[in-house]
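Participant: Each residue of the sequence shown is one higher than the last, beginning at 1 in the working numbering. The structure that follows is given in the form of structure tokens.
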Amino acid sequence: MGLALTLVAIILIFSIISTLLVAGKGDEGYGNAAKRNTTNLTFIYVIVILLSLITLGAYIQWFS
């Protein structure tokens, strides 16, 4: 049991240190890419919601 806890602690410490080392290296273009991706997703959601509402209205009009 003690060996297992020691291994878990070593893996945990190694994971934290590795994560911090990788996180320290920033990507210069990340902000622009994230903004573009957010904009694209917003447009997709708006289109899907509008099409869903139109389809729902047509369904209610013709089938109820």
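All C-beta atoms in this analysis are idealised placements derived from N, C-alpha and C, irrespective of residue type, glycine included. Just so you know, these numbers come straight off a predicted model, no measurement behind them.
Just verifying my parser: in three-state terms, what is the DSSP assignment at Gly24?
Facilitator: Looking up residue 24 in the sequence shown gives position 24. The answer is coil: DSSP assigns Gly24 none of H, G, I, E or B.
Participant: Can you look up Ser52 in the DSSP assignment and give me helix, strand or coil?
Facilitator: Position 52 of the sequence shown holds residue 52. Helix.
Participant: Going by beta carbon distance, what residues of the same chain come within less than 6 angstroms of Val8, once the five residues before and after it are set aside?
Facilitator: For the purposes of this step, residue 8 is identified with residue 8 of the sequence shown, where counting begins at 1. Here the set comprises nothing.
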